[in-house]
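Comments concern the structure below.
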Amino acid sequence: MTTTASQNENLTVSRDELAVYDRQIRLWGMEAQNKLRNAKVLLIGGTQLGAEVAKTMSLAGVDEMHLVDHRIVDTDDIGANFLYNALVDNTKLTKWAAGYEFLYNLNRNVKLVVNEEDLLAKSADDIEEYVRQFTIVIVLDESYERTVKINEICHKHQIRFIAGSIFGWVGYAFLDFDGHRFLTKVQDPSQELLSVDESKGEANKPAGKVVDLEEEDRFEPKTFSYPSFVEAFNSDFSSKKVIRKCKRVVPPSYFLVKSMLRASKENVFTGDETKDIERLTDIWQQEVVAGNHTIEMQTVKPEKFDHLFGPDFAPTAACVGGMIGQEAIKTISEGKMPIRNLFIYSALDTSEYVGRGNLTTEYQEFVLLDETRRIDYRACTFNCRPVVSDDRLAELLNETKTIKYDIIGGYPESELSQIRTVPNQNCPEAELFVSELSRIRTAPNQNYSISMLTA
């Protein structure tokens, strides 16, 4: 009989572990750390993206990580995966076996189990029996069909599930936390909601109302539903309501990811990059038209499609991997609500997308949440357009009625300090923004732009 995660012994953080995790306990509390301490993580895919996620989960202090990958390290992996010891001939080892020593020394409180079997090649019954012991299942850089196969099992048993892939310079993360609880902000009925005057695009505060920004927000646990992987990436854009607003809601990067997944599903790639780009272009054009977009409005055109093939761009893997790790910690600790349910990052046009993948069934709720969050978090919403100069930044800030920030490397320290202290940062985007900002301020080379976006 398989032991499920809920049947595990309740472990608590020891005195020695308390010293190791002191800083993060101050951030999310002892209760959250104890939940992480009892978590068993299944991580499939020892790729560059897998290394980023494994590092984050190890430092978070989970109880066990089961690392699954049957493939042998190839020459393309060497130098790209920071888990590997350059002094060892890694080409004779499987991917996770090659990275075991690094992860073991990173946090010896975490039990590591390396599984060198091709788990996803097994029958659905065998996979189901195996995965039910885990708190969360994370599948990275797998094919469309194999990802669907294990997501259906996890969705059936409401096992937390994350999938992600890197396609050269573009990457995505899909989250399925169906049936799980998260802390949501309790709306005070005595406080009138801000209203939006769509004709002016301004947020209007009711007259005579005083809002105390220092008053602590109250949160309560709430269960949410999530669509499956198939539902998220097979939206029907033919609805009249969806057609009218599709161009505004669905980002161009969505079609890049959808096209790569469809190419994987239909098994059209041959290994000849020139022919593969031609086939991908045909699929991409079909997806763009089906999504009520035009080819002209796409920010990435076929002449850049060679950037969707290997080698994977390390900053893209770091960005997507960091997001996956962050959201995994949130759902394990049952903290504030994670992303629902899709994250896309494109280094080709410096854009990020956070929002719903299944726009068809929940589209109206998606739009409502979008408007509410832009009002409630008006001091920390971010613009997704790439910035090329300080002058352009000034133009963008003048264009909008709400406060939006685009950060460029080398921006004055005083301005960065003001952004770090914006009011009301109780949202995932603001948390990510502050962590990214800290990294930018200490990076040796700041000659790049980072743009954040709330859906």
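Residue numbers (this note's numbering): 31 to 485. Heads up, the beta-carbon is just placed ideally off N, CA and C, and yes, glycines get one too. Predicted model, so just to flag it, every value in this text is computed and none were measured.
CA-CA distance, residue i and residue j?
i    : j    : result
N115 : M87  : 20 Å
L372 : T304 : 30 Å
K215 : K252 : 10 Å
E175 : G201 : 18 Å
E296 : E61  : 45 Å
W199 : E364 : 32 Å
V319 : F267 : 10 Å
V103 : S258 : 31 Å
C276 : D379 : 20 Å
V330 : H337 : 10 Å
N413 : S381 : Model confidence at N413 stands at a pLDDT of 32, short of 50, so the residue's coordinates are unreliable; what they give is reported in the following sentence. Straight-line Cα distance between these residues: approximately 9 Å.
K122 : E146 : 13 Å
R450 : I307 : Reliability of the predicted coordinates at R450 is poor, the pLDDT of 38 falling under 50, and no value is obtained from them.
L57  : I313 : 45 Å
S195 : G59  : 31 Å
F164 : Y134 : 20 Å
R292 : E47  : 45 Å
M95  : S269 : 43 Å
L149 : G76  : 13 Å
E357 : K366 : 10 Å
If I measure Cβ to Cβ from residue i and keep anything under 6 Å in the same chain, skipping five residues before and after, which residues do I get?
i    : result
A317 : First, the amino acid is wrong: residue 317 is Glu here, not Ala. Within the same chain, E317 has close Cβ partners F285, K288 and S289.
V158 : Per the sequence shown, residue 158 should be read as Glu rather than Val. These residues qualify, in order along the chain: I183.
R101 : K125
N111 : Q78 and A81
K152 : none
I55  : Q63
D155 : none
S376 : V200 and S283
When DSSP builds the beta bridges, which residues end up paired with residue i?
i    : result
G194 : L170 and A203
H96  : L72 and V143
H210 : F254
K215 : F249
K366 : L213
S381 : S376
I102 : T124
Can you tell me where the alpha helix (DSSP H) holding residue i begins and where it ends?
i    : result
E147 : Run containing E147: none; DSSP gives neither H nor E here.
I313 : E303 to A320
S265 : Counting along the chain, S265 falls outside any alpha helix (DSSP H), and DSSP gives it neither H nor E.
Y51  : Element bounds for Y51: n/a, residue is neither H nor E.
M60  : M60 to R67
E82  : Q78 to A90
F285 : P282 to E296
V161 : A154 to V161
Going by CA-CA distance only, name the one from the options that's closest to residue i.
i    : options                   : result
L97  : A49, E158, N68 and L170   : L170
G351 : Y51, L205 and T105        : L205
I29  : Y256, S173, S268 and Q217 : In this structure the chain extends from 31 to 485, so residue 29 is not present and cannot be described.
A90  : L72, D106, Y134 and R67   : R67
Q486 : D148, M367, G109 and S381 : This structure cannot settle anything about residue 486, because the visible part of the chain is limited to 31 through 485.
V279 : H323, D155 and R248       : H323
T346 : F254, F197 and V140       : F197
S537 : K270, I273, R309 and H185 : Since the first and last residues shown for the chain are 31 and 485, residue 537 lies out of range.
V161 : T105, Q188 and N139       : Q188
V140 : V50, V118 and F212        : V50
By Cβ distance, which residues of its chain are closer than 7 Å to residue i, with the 5 residues on each side in sequence left out?
i    : result
T311 : P332 and F335
V260 : V178
N181 : F191, A193, D206, S258 and F259
Y130 : L142 and V144
V502 : Absent from the model: residue 502. The displayed extent of the chain is 31 to 485, so no value can be given.
N120 : V103, I108, Y114 and A128
Can you tell me where the beta strand (DSSP E) with residue i in it begins and where it stops?
i    : result
F132 : Looking at the DSSP string, F132 is not in any beta strand (DSSP E); the run it does join, the alpha helix (DSSP H), is K125 to L136.
Y375 : L372 to S376
Go through its chain and collect everything with a Cβ distance to residue i's Cβ below 8 Å, but skip five positions before and after it.
i   : result
L41 : N64, R67, N68 and D93
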